[in-house]
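Below: one structure, written as C-alpha cells.
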Amino acid sequence: MAKGLSKSFKKALWVYHCNSGSCNGCDIEIIAALCPRYDVERFGIKLVGSPRHADVLLVTGPVTRQMKDKVLRIYEQMPDPKAVICVGNCGNTGDVFFEGYNLVGPIDNILPVDVHVIGCPPRPEAIINAVAKVWVKLETLEAK
Amino acid sequence: MTEKTTYRLPIGPIHPALKEPVQFEFEIDGERIVDVDVSLGHVHRSIEWAGTRRNPIQNLYLAERICGICSYCHPVAFSLAVENALDIQVPDRGEYLRVIQGELERMCSHMLWAGVAAHEVGFDTVLYLTWQMREKLLDLTEYLTGNRVTKAITMIGGVRRDITKDMVPKIQETLDYFKENFEKIRHTYLDDKTFKMRCQGVGVLTYDDAIKLCAVGPTTRASGVKKDVRVDQPYFAYSDLDIDYITPDILTGEIHGDVYDRIIQRLLEVKQAIDLMEQCLDKMPSGDIVAEPKPAKLLAMLKKAEGEGIGRHEAPRGEVIHYVKLVSGEENAYTWKVRAPTYNNILPWIPMLKGEQIADIPIVAASTDPCMSCTNRVAVVDRDNKYILNKEELHQMSVEKTRRLLK
Amino acid sequence: MSFSMIRPVLVQLFKKPFTNKFPVKYTPKSTTKLLEAVGEGKAQIIPPVETPPGFRGKIQYDKEKCTGCRLCIRVCPSNAIEFKPKEKKIKIYLARCTFCSQCNDVCPVKCLSMSNEFLLADTDKYSKDMIVE
Amino acid sequence: MAEKKQLDAKGLVKYFKDEFKTKIKKTTVKKRVVGLEKKESYFVWITIDKSIFKDVIKHLVEYQFPHLAVVSGNDLGKTIELIYHFSLDHGQKFKEISLNIKVEIPKSNPKIETICDYIPGALITEREKQEMLGVIVEGIPDSRRLFLPEDFPKGVYPWRKDGKGMEKVIKNLHEVKK
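Chains A, B, C and D, in that order, are what the protein sequence lines are. Using the working numbering, read the first sequence as starting at 1 and increasing by one per residue. Using the working numbering, read the second sequence as starting at 1001 and increasing by one per residue. Using the working numbering, read the third sequence as starting at 2001 and increasing by one per residue. Using the working numbering, read the fourth sequence as starting at 3001 and increasing by one per residue.
Dropping the structure here:
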C-alpha cells in the first residue's frame, strides 16, 4: 500500500455489509452500531449501498451454496485496498451450523479475512473494537 | 409498433433495500409491476436436517439461530412441541415468564420494523429515533437474559431465568418510558404527511386474498382477518390475561388492508404488549420456573419418550409452528419441521405488489416484515444484462417519489 | 405549518447526547500510539455500555474443579468443547461458542462460568486468546 | 361459512368418521390444559387413506375454509407420511382446533394430489416437500425448486432417512483447523 494512503483511508472507512446466510442477529447489531447509541459515523464509517464504493466488507453468516459466488463477486467488485471483517461466530467457524448440506463456509475458506469478531452475536462495541483492530493493521502495514 | 413491451427486473439477492438475501423478478411495464416471482433459498442452512442429528436441548439453541430477530419464538415453539408430545406440564410461573419474554420480543421486533419501514420510505430520521428507543428494550432484554439478541432463556418445560422482585422496577421503568413516548411514535407515523402519502392505498391485500393465501400475523390482521394464536388457542398464560384480537379498525374504524393499516396494526400491538406485560407482572404466581431443573435428567427422559406434537406460538411476524416427532431409544428428534411466519407471507406479496410502482417495492415488501432467514432469505440479478437496479438506486427512487409527492 | 419542531430542537441542544463514545470520541491519529498510551496509563478509553449482572460473555473454566464427566460436550449445541482424553479435561474454542451458557447449567461441579468480557476480536480465530483450557 | 353448525373436536372426528367410515384409519384427540384458569386446547390427529385424501380436503373446505399452516413429512422406512397441519375456528376466543391430517404414501411411488386448487396458499409448502422428501405432487402449478440450489444433485432428498447420496453434499465446517 502506498505511503500516506492509510491516513486518509482510515478516517473514512466505508463499509459494505453482506449477509451470506446468517440469522440476522449480527446484521441488526451492525445496524445498531450505526444508530444513535453507538454512532460509528463519528469515525467516518458509513454503510454504503454498493460494493464498488466500499473499503471494508462486513460478512456475516456461514455462506450457503447459493451465496458463495455472490459473496465472491462482491469481494471482487470492491476496489483495492480492502479489508474484510467477519462478524459473528457462524461466519468464523459455522457455530451451530457446523454441519449441513447447503453450506460451504466458513468465510475464511472463501475470502481472506482480516479480523474475526467473536460473539453470537457480538455486541456493537465488539464490532467497533474490530474496526480499531483494522486501524492497527493498516498502521502496521504502512509502517513497513 | 403498438405492441407493449414489458421488462424483467430482477432485484436481489444482495440489495440495499433488502437486509437479507432473497430474489425478486418483476415483470414491469414502465413503472407498473405486472408480475412478480420470488426465489428463495439463499439462506437455506439445512437447519431442520441438522436438528435430527442433535438432541432436543442442543436443538433449542439451533432453533434460536433460525432467526436473530425472533430469537425467542422459535425455541419456545420447539419446546411447546416437545411438551405436547411428552405431556410435560409447565409450572404456572414458567408460563407467565414465557409471556413476558414473548411480549418483550414483540415490542423489540415491532420497533425494529418501524425503523426499517421509515427507512424504506426514505425517512431516515425516524429510523434513528425508533432505534434509539429500541435500545431501551435491548437493555432490558440484556438485563433479563444476559444477551442483547439471542436470549437463550427457553428450556423444555419452562424457562432458565427467573424474574426476581428487584428486577421488576427496571421492567416497569422501561414500560413507563414507552407509555410516555407512545403518543410521540403514533404522531410521527400516523399524522405525518409523508407516511400518509406513501402508505395509504399502497400494497393492498384484500380480506379474501389473506384467507386464501393463508397469510399470518400482522399482515393478515391488518386485512381484517381475526387470527392470532394468542387468542385462538389457550397456551402459556395468555388465557388468564385480558387479551383480544387487534385489527386496525380499532383506531380508525375501517379496514383497507394497505401498508398504512399494517403500520397502525403494529403500533397497536406494541401498546397491547405493554399492557400484557403489566398484567403478567401483577398476576404472576410464585413457584417453580421449570418442570425439570436438571438437564441431564431431562435428556434421559427425552431418550425414552415416544410421540409427536406440534407447538404454535404467535411470533411478532405471525404464527410459528413446529412439528416434532420423537422415537423412543433415540436421543435425537426423528423429524423436526419448522414453519416460520414469512413462509406463509410470501405468496401475499404477489397480489400486494401487482399494479404498484417500482419505487414502492421496498415499502410493500417490508410491510409484511419479511424475515428470510426464518423462511430460509430479496436480491438484484443481472440475468441477460437487461436491467439492473441496486438497493441504493431503489432507495433513491423511493426518496425521489416522496419528494415528488411532497411538492 | 406550525413550528412544532423548535421546542424539540432546543431541548436537544442542551441535552446530554445519547451516544456512548466508546472507545474514543473521534478516530485517533494513530491507534497504535493511543493503545501504547493507554497501556502506560497516560490516556483513557471511554468504557463500553455497562454489562448487567448475569451477562453471558467469555467463558471461564476452572481446570482444578473439572472432573471430566463430559456432560457439557453432550449439551453443547455447536461442538465447541473438545475433550482431552489424557488429562481428562476440556478445551473450549471461543470461535465456535454460542454463548448460551447451557454448559454452565449442566456442569455438576460448577467449574464453568460466564464472565463480563465481550470485546473479542482477533486476526486469527484459533489464536491463544480464543481458546479456553 | 356460517350456515353449517360449528363442531367441537369430538364432533369433528365424528363428522369425518360418518362421512368416510373405514377409510379413516386412526383418530386421536389430545387435550392440553394451561394457565391458572385451566383453559383447554384440542389437537386432533386423523390418519386417512390416500384414496380419499382429495375428498377430505374438499369436505373440509366446504365445512369451513381452514388455515393451512404447513405440510410436514416423516420418512417411515417404506412409506412417507405427510401431515397437513390445519387450524379451524380461528377468530373465536380460545376455541380454535388444531387439525392434523396424516396421509401415508409408498416410497416406491410417492405421488399425492395437489391441494392448491382448493387452498392456493399451499403452493410454497408443496414445492418444499417435492425437493426435501422426493414426493411428487401431481398437478402442482409451479414445480420449480424452492430452497435448494440448481446445482444440487438430483435424487438426493435431505429429509429422507436412508441418506442416499447425502455424503456428497454434507460439509463439516469445523474440520478446518490449524
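The C-beta atom is built at its ideal place from N, Cα and C for all residues, glycine as well.
Put simply, the CB of Tyr1177 of chain B is far from chain A, with every gap to its CB atoms at 7 Å or more. Sequence-distant Cβ neighbours of Glu3096 of chain D in its own chain, meaning closer than 6 Å and more than five residues away, are Ser3087, Asp3089 and His3090. Straight-line spacing of the CA atoms in Ala1152 of chain B and Arg1098 of chain B works out to 12 Å.
Ranking A:Cys120, A:Arg123, A:Asp114 and A:Ile127 by CA distance to the CA of Lys137 of chain A puts A:Asp114 first. Looking from the CA of Gly1030 of chain B, the closest CA among B:Pro1341, B:Thr1145, B:Thr1005 and B:Pro1218 belongs to B:Thr1005. Legend: CB atoms of the region 2096-2112 of chain C lying less than 9 Å from CB atoms of chain B belong to residues Thr2098, Phe2099, Cys2100, Ser2101, Gln2102, Asp2105, Val2106 and Pro2108.
Taking a beta-carbon distance threshold of 7 Å, Gly94 of chain A counts as an interface residue toward chain D.
Asn1055 of chain B sits in coil when the DSSP states are folded into three classes, being neither helix nor strand.
Residues of the region 2040-2071 of chain C with a C-beta atom less than 7 Å from some C-beta of chain B are Pro2052, Gly2054, Phe2055, Arg2056 and Leu2071, listed in chain order.
One thing to note: Ile3048 of chain D has its Cβ no nearer than 7 Å to the Cβ of Val3137 of chain D. Lys2088 of chain C and Ser2127 of chain C have their C-alpha atoms roughly 22 Å apart.
Proximity of Cys86 of chain A to chain B, defined by a Cβ-Cβ separation below 7 Å, is not satisfied. Bounds of the alpha helix (DSSP H) holding Ser1079 of chain B are Cys1073 to Leu1086. By the 16-neighbour rule on beta-carbons within 10 angstroms, Gln1279 of chain B is buried.
By alpha-carbon distance to Leu1062 of chain B, the top candidate from B:Asp1232, B:Ala1333, B:Ile1363 and B:Ser1286 is B:Ala1333. Distance from the Cα of Ser2115 of chain C is smallest, within the candidate group B:Met1167, B:Thr1342, B:Asn1147 and B:His1313, for B:Asn1147. Closest in alpha carbon position to Trp1113 of chain B, among B:Gln1233, B:Val1126 and B:Gly1102, is B:Val1126. Interface annotation, Ser1039 of chain B: not in contact with chain A, CB-CB separation never under 7 Å. At a cut-off of 7 Å between beta carbons, Leu3173 of chain D contacts chain A. Looking at the DSSP output, Arg1317 of chain B bridges to nothing.
At a cut-off of 7 Å between C-beta atoms, Asn102 of chain A counts as an interface residue with respect to chain B. In this structure, the CA atom of Ile3052 of chain D is about 26 Å from the CA atom of Trp3159 of chain D. Distance from the Cα of Ile85 of chain A is smallest, within the candidate group A:Gly61, A:Tyr38 and A:Ser50, for A:Gly61.
Lys10, Lys11 and Pro36: these are the residues of the region 3-36 of chain A whose beta carbon lies less than 7 Å from some beta carbon of chain C, given in chain order.
Spanning the alpha carbons of Trp1049 of chain B and Trp1336 of chain B requires a straight line of approximately 8 Å. Fully contained in the region 3041-3119 of chain D are the following alpha helix (DSSP H) runs of length 4 or more, in chain order: 3053-3063. In this structure, the alpha-carbon of Ala2121 of chain C lies about 4 Å from that of Val117 of chain A. Going by C-alpha positions, Val3169 of chain D is about 20 Å away from Asn92 of chain A. Contact between Val1022 of chain B and Thr64 of chain A is absent: CB atoms are separated by about 12 Å, not below the 8 Å threshold. DSSP places Arg3032 of chain D within a strand segment (E or B) once states are collapsed to three. Per the Cβ contact rule, the region 45-62 of chain A is in contact with the region 74-85 of chain A (3 or more Cβ pairs under 8 Å). Residue environment analysis places Lys3026 of chain D among the exposed positions, since fewer than 16 neighbouring C-beta atoms fall within 10 angstroms of its C-beta. Boundaries of the alpha helix (DSSP H) harbouring Gln2012 of chain C: Ile2006 to Phe2014, taken from the DSSP string. Along the region 122-136 of chain A, the positions whose C-beta sits under 7 Å from a C-beta of chain B are Arg123, read in chain order. Distances from the alpha-carbon of Phe1123 of chain B to those of B:Gln1132, B:Phe1195 and B:Arg1186 put B:Phe1195 closest.
Here the alpha carbon of Gly1051 of chain B sits roughly 31 Å from the alpha carbon of Lys1212 of chain B.
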